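Those protein sequences? They're chains A and B, same order as listed.
Residue numbers for the first sequence follow my numbering, beginning at 11 and rising by one.
Residue numbers for the second sequence follow my numbering, beginning at 11 and rising by one.
Backbone N, C-alpha and C define an ideal beta-carbon position, used for all residues, glycine too.
Please read these numbers as outputs of a predicted model, since none were measured by experiment.
2 protein chains.
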Amino acid sequence: MSPRGFSCHDHATCMSDMLERAETRCRDKGLNLTPVRRRTLEILLDEHRALGAYDLLAQLAAEGLGSQPPVAYRALDFLVNAGLAHKIEALNAYVACTHSGADHAPAFLICRGCRAVAEASTAPASGRLGDAARAAGFQIERTVVEAQGLCPDCQQDPAA
Amino acid sequence: MSPRGFSCHDHATCMSDMLERAETRCRDKGLNLTPVRRRTLEILLDEHRALGAYDLLAQLAAEGLGSQPPVAYRALDFLVNAGLAHKIEALNAYVACTHSGADHAPAFLICRGCRAVAEASTAPASGRLGDAARAAGFQIERTVVEAQGLCPDCQQDPAA
DNA sequence: ATCAGGCATGTTATAACATATCAACCCCGA
DNA sequence: TCGGGGTTGATATGTTATAACATGCCTGAT
Numbered sequence: 011m012s013p014r015g016f017s018c019h020d021h022a023t024c025m026s027d028m029l030e031r032a033e034t035r036c037r038d039k040g041l042n043l044t045p046v047r048r049r050t051l052e053i054l055l056d057e058h059r060a061l062g063a064y065d066l067l068a069q070l071a072a073e074g075l076g077s078q079p080p081v082a083y084r085a086l087d088f089l090v091n092a093g094l095a096h097k098i099e100a101l102n103a104y105v106a107c108t109h110s111g112a113d114h115a116p117a118f119l120i121c122r123g124c125r126a127v128a129e130a131s132t133a134p135a136s137g138r139l140g141d142a143a144r145a146a147g148f149q150i151e152r153t154v155v156e157a158q159g160l161c162p163d164c165q166q167d168p169a170a
Numbered sequence: 011m012s013p014r015g016f017s018c019h020d021h022a023t024c025m026s027d028m029l030e031r032a033e034t035r036c037r038d039k040g041l042n043l044t045p046v047r048r049r050t051l052e053i054l055l056d057e058h059r060a061l062g063a064y065d066l067l068a069q070l071a072a073e074g075l076g077s078q079p080p081v082a083y084r085a086l087d088f089l090v091n092a093g094l095a096h097k098i099e100a101l102n103a104y105v106a107c108t109h110s111g112a113d114h115a116p117a118f119l120i121c122r123g124c125r126a127v128a129e130a131s132t133a134p135a136s137g138r139l140g141d142a143a144r145a146a147g148f149q150i151e152r153t154v155v156e157a158q159g160l161c162p163d164c165q166q167d168p169a170a
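This is the structure in structure tokens:
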């Protein structure tokens with residue numbers, strides 16, 4: 011499970027690490043990590059928290075990489091399909107994937123204070139939801155598992 | 011876990027049952043189940059699947075119960091806060107609660123074919139996500155657990 | 001060499017989801 | 001009767017997401 015996201019870390023190394031993995035992954039899978047897509051991923055990695063599509067778009071626009079909504083949504087779709095980013099349904103926002111390995115069923119701890127997101131893995135079909143699905147004859151294709159609350163830092167915060 | 015929603019049942023009885031429970035619950039808690047709120051719940055119960063706020067609004071409007079978005083959102087907020095309905099985050103849509111008991115941490119099986127929704131319960135802090143949260147010092151306040159896929163009926167369907 | 005096809009991007013417009021704000025009303029208790 | 005809380009009415013706007021169509025660019029087949 012080892013979540014990531016609420017702990018201090020060498021951010022520069024973390025980012026370059028993840029980017030490199032993303033490039034390898036795309037090369038291996040025949041995917042085209044174009045400048046807009048790469049830059050979108052960089053922004054997500056850099057923030058290390060959930061960003062709305064329009065937040066991203068503003069950044070991209072400021073850098074001359076496109077200013078209309080489809081630009082952001084296309085880049086995000088690509089990243090999500092490539093497994094390099096995830097959508098946080100409870101926030102309508104997006105985060106970079108921090109488990110750069112193979113396909114996985116992600117689960118998230120989402121801080122309502124700072125929108126920081128820690129990613130963990132779930133066993134999709136195991137557990138009680140899987141039992142319920144099997145009992146009902148329901149075929150699971152995708153799972154959304156998100157816990158909202160306060161991260162250690164924000165628990166200290168007066169604003170909390 | 012016993013999911014509900016993909017099985018045949020006596021719908022009329024189911025509805026009147028749930029409505030009665032909702033009324034009892036509101037009376038006990040000093041909540042005011044007004045006509046708009048009650049009708050909104052009825053529509054959700056009747057459909058037995060995820061409805062968008064604007065779908066609901068259209069129904070309400072057709073019945074002369076208000077035609078502007080706030081009408082629907084207020085009613086839905088009330089029902090969600092009262093525990094009589096849930097929001098399906100992955101669809102930005104709403105369903106009637108089928109576990110009319112006390113507060114619970116719901117989990118959903120959502121059919122992408124017909125938008126039918128079965129509700130189950132999760133143990134919020136148990137399981138692997140709870141482990142990860144404790145390990146990270148994260149304080150969970152709310153969980154979103156949603157599985158998307160195909161219900162038994164839609165698995166047969168040619169359109170699937 | 002050229003042209004068809006795929007893929008990425010540019011551009012405009014609009015759909016779909018959600019909330020802020022203020023006014024009016026109604027009921028109940030002081 | 002006055003005032004306050006809660007509900008509704010109404011207008012406007014904010015936020016998130018996609019449809020639809022045009023353009024450019026590379027590449028491989030002929």
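Checklist entry - For the beta strand (DSSP E) that contains residue 3 (chain B), what are its first and last residues? => result Outside the modelled stretch of chain B, which goes from 11 to 170, sits residue 3 (chain B), for which no answer is possible.
Checklist entry - What whole-angstrom Cβ distance do residue 96 (chain B) and residue 131 (chain B) have, given they're in contact under 8 angstroms? => result Along the second sequence, read from residue 1 onward, the residue named residue 96 (chain B) stands at position 86. Along the second sequence, read from residue 1 onward, the residue named residue 131 (chain B) stands at position 121. Their Cβ separation, rounded to whole angstroms, is 12 angstroms, which puts residue 96 (chain B) and residue 131 (chain B) out of contact at 8 angstroms.
Checklist entry - Would residue 13 (chain B) be called buried (16 or more neighbouring beta carbons within 10 Å of its own) or exposed? => result As a position in the second sequence, residue 13 (chain B) is number 3, starting the count at 1. Since pLDDT at residue 13 (chain B) reaches only 49, below the 50 mark, its modelled position is unreliable, and no value is offered.
Checklist entry - Curious, which full-length alpha helix (DSSP H) runs of at least 4 residues does the stretch 28-99 of chain A contain? => result 45-57, 63-72 and 79-91
Item to check | Where residue 11 (chain B) falls: helix, strand or coil (DSSP) | outcome: What you label residue 11 (chain B) is simply residue 1 of the second sequence in a count that begins at 1. With a pLDDT of 45 at residue 11 (chain B), under the threshold of 50, the predicted position of this residue should be treated as unreliable, though the coordinate-derived value follows. Coil, per DSSP.
Checklist entry - Alpha carbon to alpha carbon, what distance is there between residue 40 (chain B) and residue 99 (chain B)? => result Taking the second sequence and counting its residues from 1, the one referred to as residue 99 (chain B) is at position 89. Taking the second sequence and counting its residues from 1, the one referred to as residue 40 (chain B) is at position 30. Rounded to whole angstroms, residue 99 (chain B) to residue 40 (chain B) spans 28 angstroms at the Cα level.
Checklist entry - Less than 8 angstroms separating the beta-carbons of residue 43 (chain A) and residue 32 (chain A)? => result Taking the first sequence and counting its residues from 1, the one referred to as residue 43 (chain A) is at position 33. Taking the first sequence and counting its residues from 1, the one referred to as residue 32 (chain A) is at position 22. Cβ atoms of residue 43 (chain A) and residue 32 (chain A): closer than 8 angstroms.
Item to check | alpha helix (DSSP H) segment containing residue 139 (chain B), residue limits | outcome: If you number the second sequence from 1, residue 139 (chain B) lands on position 129. Counted as a single uninterrupted DSSP element, the alpha helix (DSSP H) harbouring residue 139 (chain B) occupies residues 137-146.
Item to check | Against chain B: residues of the stretch 14-40 of chain A by CB proximity under 7 angstroms | outcome: Residues of the stretch 14-40 of chain A with a C-beta less than 7 angstroms from any C-beta of chain B: 16, listed in chain order.
Item to check | Neighbour list for residue 150 (chain A) in chain B, Cβ cutoff strictly below 8 angstroms | outcome: Your numbering for residue 150 (chain A) matches position 140 in the first sequence. Ordered by position in chain B, the residues that pass the 8 angstroms Cβ test against residue 150 (chain A) are 119, 157, 158 and 159.
Checklist entry - Which residues in chain B sit within 9 angstroms of residue 63 (chain A), going by Cβ to Cβ distance? => result Indexing the first sequence from 1 puts residue 63 (chain A) at position 53. None at all; the shortest Cβ gap to chain B is about 14 angstroms.
Checklist entry - Is it right to say residue 30 (chain A) is buried, meaning 16 or more other beta carbons lie within 10 angstroms of its own, or is it exposed? => result Your numbering for residue 30 (chain A) matches position 20 in the first sequence. Its Cβ having fewer than 16 others within 10 Å, residue 30 (chain A) is exposed.
Next on the checklist: Between the alpha carbons of residue 144 (chain A) and residue 114 (chain A), how many angstroms are there, rounded?
Outcome noted: Numbered from its first residue, the first sequence carries residue 144 (chain A) at position 134. Numbered from its first residue, the first sequence carries residue 114 (chain A) at position 104. If I take the Cα positions, the gap works out to 20 angstroms.
Item to check | Cβ separation of residue 77 (chain A) and residue 71 (chain A), assumed to be a contact under 8 angstroms, to the nearest whole Å | outcome: Your numbering for residue 77 (chain A) matches position 67 in the first sequence. Your numbering for residue 71 (chain A) matches position 61 in the first sequence. Residue 71 (chain A) and residue 77 (chain A) do touch by the CB rule: their CB atoms are close to 4 angstroms apart, below 8 angstroms.
Next on the checklist: Please state the DSSP three-state secondary structure of residue 117 (chain B).
Outcome noted: Translated into the one-based positions of the second sequence, residue 117 (chain B) becomes position 107. Strand.
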